[in-house]
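Residue 251 is where the sequence shown starts when you use our numbering, and the numbers rise one by one after that.
Virtual Cβ for every residue (Gly too), placed ideally from N, Cα, C.
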Amino acid sequence: MLHNFGSINLDHVYRVPHLVRPGETLASHDYRVGLGGKGANQSLAMARAGGRVRHWGRLGRQDAWARDLMARSGVAVDSVALVDEPSGHAIIQVDDQGENAILLFPGANHGFTTADLDARIAEIAPGDWLLTQNECNALPRVFARAQARGVKIAFNPAPMTDEVAGLPLAACRLLFVNRGEAEALTGLATDAPAEALLAALARRLPATETVLTLGGDGAWYQYGDQRHFQPPLPVVARDTTAAGDTFIGYYLAAVQADLPPTACLERAATAAALAVQRLGATESIPDAAEVERVLRHGLDAP
Ligand SMILES: OC[C@H]1O[C@H](O)[C@H](O)[C@@H]1O
Numbered sequence: 251m252l253h254n255f256g257s258i259n260l261d262h263v264y265r266v267p268h269l270v271r272p273g274e275t276l277a278s279h280d281y282r283v284g285l286g287g288k289g290a291n292q293s294l295a296m297a298r299a300g301g302r303v304r305h306w307g308r309l310g311r312q313d314a315w316a317r318d319l320m321a322r323s324g325v326a327v328d329s330v331a332l333v334d335e336p337s338g339h340a341i342i343q344v345d346d347q348g349e350n351a352i353l354l355f356p357g358a359n360h361g362f363t364t365a366d367l368d369a370r371i372a373e374i375a376p377g378d379w380l381l382t383q384n385e386c387n388a389l390p391r392v393f394a395r396a397q398a399r400g401v402k403i404a405f406n407p408a409p410m411t412d413e414v415a416g417l418p419l420a421a422c423r424l425l426f427v428n429r430g431e432a433e434a435l436t437g438l439a440t441d442a443p444a445e446a447l448l449a450a451l452a453r454r455l456p457a458t459e460t461v462l463t464l465g466g467d468g469a470w471y472q473y474g475d476q477r478h479f480q481p482p483l484p485v486v487a488r489d490t491t492a493a494g495d496t497f498i499g500y501y502l503a504a505v506q507a508d509l510p511p512t513a514c515l516e517r518a519a520t521a522a523a524l525a526v527q528r529l530g531a532t533e534s535i536p537d538a539a540e541v542e543r544v545l546r547h548g549l550d551a552p
């Protein structure tokens, strides 16, 4: 079982002709509310991939439907607390090219207490995986406790903030970063070649398996002197929201199934390629059968 200490958001998604500019008032041509949050998206993706995942999160009492939706997708939700605080939410603009801009209100995702954290981590068996992102509070404590307990940490430092630099990242067994996050962690310039980013990450975190996702430019796996490249799949993106989360959930399900890194990358990239062709966050995450079909028959599979 993988334990995911992660955010749950209500995503308010607006389709817009372009991302709103400072001082501009812009009308959207579509609006919908769905389940999102990097944590919830990653748990759902992992469950839809056939993985075993227990989500540990907080949600406003009035939004129990979101917890039910996670449960219906196969996520163990006994550690999702319904609380008397507003749920976290995200205001997401998606433009006609599929690019997005996201504004977050953390809400209940920032209400974890030290006592709750300590108790939950004490329930995780040494050697089990703990996944987390950067949308919940108290990450330094989570890292310290998990490390002391011998829990394997998988971390996605998204969204990147200054606090990430203060975390003991060397404690991570697995790190998922996109280009922006890799640049922030290494101090390398924008547009540095992927190989330079990987080399800098390896110098900083020699004992961490690193997955670098580059959207339409593919993805890399690196550990020690092993490096694997996964080429991008030729798809047109309609909405990239949660594509990275889909990748991570599918990757971890493949790790849980003991697949080698090349197969983990291939499954994750295939799932993400399906997700970017659909609108929304959790709504866009494919199930295992769809991914399997594309792996066997290609993107034109019926
Ligand atoms: O990664 C996409 C997610 O980021 C934000 O957390 C939104 O809730 C959205 O679902």
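With a threshold of 7 Å (Cβ to nearest heavy atom), would residue i be considered close to ligand 1?
| i | result |
| --- | --- |
| S257 | yes |
| D261 | yes |
| E385 | yes |
| L354 | yes |
| G499 | no |
| N406 | no |
| T411 | no |
| D495 | yes |
| G286 | yes |
| T491 | yes |
| N428 | no |
| N597 | Within the shown structure, residues of the chain are numbered from 251 to 552, placing residue 597 beyond reach of any answer. |
| A531 | yes |
| A420 | no |
| A469 | no |
Which residues share a DSSP beta bridge with residue i?
| i | result |
| --- | --- |
| F479 | W470 |
| F362 | BP columns for F362 are empty, so no partner. |
| N291 | Note: N291 sits in no beta bridge, so no partner. |
| V344 | R265, N350 |
| L252 | V303, W379 |
| L545 | In DSSP, L545 forms no bridge with anything. |
| G338 | N259 |
Return the chain-ordered list of same chain residues with a C-beta closer than 6 Å to the C-beta of residue i, the five sequence neighbours on each side being excluded.
| i | result |
| --- | --- |
| G466 | P482 |
| E459 | L424, Y473 |
| R302 | M251 |
| G293 | Correcting the residue type first, residue 293 is Ser in the shown sequence and not Gly. If we look at S293 and ignore the five residues flanking it on each side, its Cβ neighbours are N254, V303, H305, V325. |
| P407 | N384, V414, E431 |
| P511 | Y471, H478 |
| A523 | L483, V485 |
| N259 | G286, G287, G338, H339, A340 |
| P536 | A521, L524 |
| H279 | R265 |
| N359 | S257, G338, E385, C386 |
| R308 | A331, V333, A358, G361 |
| A457 | none |
For chain D, find out if any of its Cβ atoms is closer than 8 Å to the Cβ of residue i; answer yes or no.
| i | result |
| --- | --- |
| Q397 | Note that chain D does not occur in the displayed structure, where there is just one protein chain. |
State the start and end residues of the unbroken beta strand (DSSP E) segment that holds residue i.
| i | result |
| --- | --- |
| T463 | 459 to 463 |
Just curious, the alpha helix (DSSP H) that residue i is in, first and last residue?
| i | result |
| --- | --- |
| I498 | 493 to 506 |
| R453 | 444 to 454 |
Which residues in the same chain as residue i place their Cβ atom closer than 8 Å to its Cβ, once the five residues preceding and following it in sequence are excluded?
| i | result |
| --- | --- |
| T364 | A388, R391 |
| A396 | I371, I374, L380, I403, A421 |
| G284 | L260, D261, V263, G530, A531, T532, E533 |
| P267 | L276, H279, D345, D346 |
Tell me whether residue i counts as near ligand 2, meaning its Cβ is closer than 7 Å to at least one heavy atom of that ligand.
| i | result |
| --- | --- |
| A340 | Looking at this structure, you won't find ligand 2 anywhere; what it does contain is ligand 1. |
Please return the same chain residues whose Cβ sits closer than 7 Å to the Cβ of residue i, not counting the five positions on each side in sequence.
| i | result |
| --- | --- |
| A314 | L332 |
| D300 | For the sequence presented, residue 300 should be read as Gly rather than Asp. So the qualifying residues of the chain are A503, A538. |
| F355 | G338, H339 |
| T440 | E433 |
| E445 | none |
Check: Can you list, in chain order, the stretches of the alpha helix (DSSP H) that have 4 or more residues and sit fully within the region 368 to 434?
Finding: Taking only runs of at least 4 residues, the alpha helix (DSSP H) segments lying wholly in the region 368 to 434 are 389 to 399.
Note to self: For a minimum of 4 consecutive residues, which ranges assigned as the alpha helix (DSSP H) are wholly contained in the region 510 to 543?
What the structure shows: Within the region 510 to 543, the complete alpha helix (DSSP H) runs of at least 4 residues are 511 to 525.
Check: In chain order, which beta strand (DSSP E) runs of at least 3 residues are fully inside the region 271 to 333?
Finding: Within the region 271 to 333, the complete beta strand (DSSP E) runs of at least 3 residues fall at 280 to 286, 303 to 310, 326 to 333.
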